[in-house]
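Residue numbers (our numbering): -6 to 172. In this text, a Cβ means the ideal position worked out from N, Cα and C, and glycines have one as well. Here the structure is a predicted model, which is why all the values come from computation and not from measurement. For reference, the structure is listed below as structure tokens.
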Ligand SMILES: Nc1ncnc2c1ncn2[C@@H]1O[C@H](COP(=O)(O)OP(=O)(O)OP(=O)(O)O)[C@@H](O)[C@H]1O
Ligand SMILES: [Mg+2]
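Right, here's the structure in full:
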């Protein structure tokens, strides 16, 4: 359960290869599933995660510890970190990298081959931005996605009483708990 001041948090270090985008997508899909995030929100979140992770891997320097030489055949240190936070009303996606250069929202021409990633993030999110936390060497790029307001959905009703159905009344079979 989330509370107003404490989100659910999950994070994944990404190796400095573009295939890490796929790992980020898979990881986030599993986290959202375990958090019961609604499907439409998941689709948007996964698109945003793909764009932010790809940007960190393509445009930003790795986090300092990833620059250390890796012994042959050993896993490489992470280039960036994906952090997912589930708050009561929204999802927060954060991608931390090791570079102080900032993301720039571009306005590419119709035939340009790149420069659309952040436009997509801008369209699919409620808000996005970046932070330069001290004393870290890099930055955090974040995007916020609102969750559907479940409190405004019409509750299912008990056909006999007309009142909102109680949880066990919605179950097709199985005994009601003792009261
Ligand atoms: N994490 C980052 N670190 C440094 N620069 C970034 C980062 N993310 C984005 N940028 C800068 O912002 C620009 C716009 O990013 P955007 O994702 O919109 O386009 P793109 O990555 O160049 O192309 P596309 O995403 O369409 O393949 C990039 O070209 C890059 O200069
Ligand atoms: Mg991009």
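If you draw a straight line from the C-alpha of residue i to the C-alpha of residue j, how long is it?
| i | j | result |
| --- | --- | --- |
| residue 104 | residue 83 | 35 Å |
| residue 18 | residue 153 | 45 Å |
| residue 55 | residue 6 | 11 Å |
| residue 75 | residue 95 | 17 Å |
| residue 3 | residue 21 | 9 Å |
| residue 180 | residue 111 | The structure shown does not extend to residue 180, since the chain is modelled only from -6 to 172, so the question has no answer here. |
| residue 134 | residue 123 | 4 Å |
| residue 13 | residue 53 | 14 Å |
| residue 23 | residue 100 | 33 Å |
| residue 138 | residue 77 | 11 Å |
| residue 47 | residue 8 | 12 Å |
| residue -1 | residue 80 | 7 Å |
| residue 142 | residue 11 | 35 Å |
Whole-angstrom Cβ separation of residue i and residue j, contact assumed at under 8 Å?
| i | j | result |
| --- | --- | --- |
| residue 73 | residue 88 | 6 Å |
| residue 86 | residue 136 | 5 Å |
| residue 28 | residue 1 | 6 Å |
| residue 45 | residue 93 | That belief does not hold up - the Cβ atoms of residue 45 and residue 93 are roughly 17 Å apart, past 8 Å. |
Comparing the CB of residue i with every heavy atom of ligand 3, is any distance shorter than 6 Å?
| i | result |
| --- | --- |
| residue 107 | As for ligand 3, it is missing from this structure, which binds only ligand 1 and ligand 2. |
Consider the Cβ of residue i: report whether some Cβ of chain D lies at a distance smaller than 7 Å.
| i | result |
| --- | --- |
| residue 48 | Annotation note: the requested chain D is absent from the structure, which comprises a single protein chain. |
| said: Using a Cβ distance threshold of 8 Å, determine whether the segment 112 to 130 contacts the segment 35 to 45, with at least three qualifying pairs required. | reply: yes
| request: Report the residue ranges of all alpha helix (DSSP H) runs contained in full by the segment 80 to 146; include only those spanning at least 4 residues, in chain order. | output: 110 to 117
| Environment of ligand 2 in chain order, Cβ to heavy atom below 5 Å | 48, 110
| Looking at C-beta atoms only, is the number of pairs between the segment 23 to 32 and the segment 97 to 112 that lie closer than 8 Å three or more? | no
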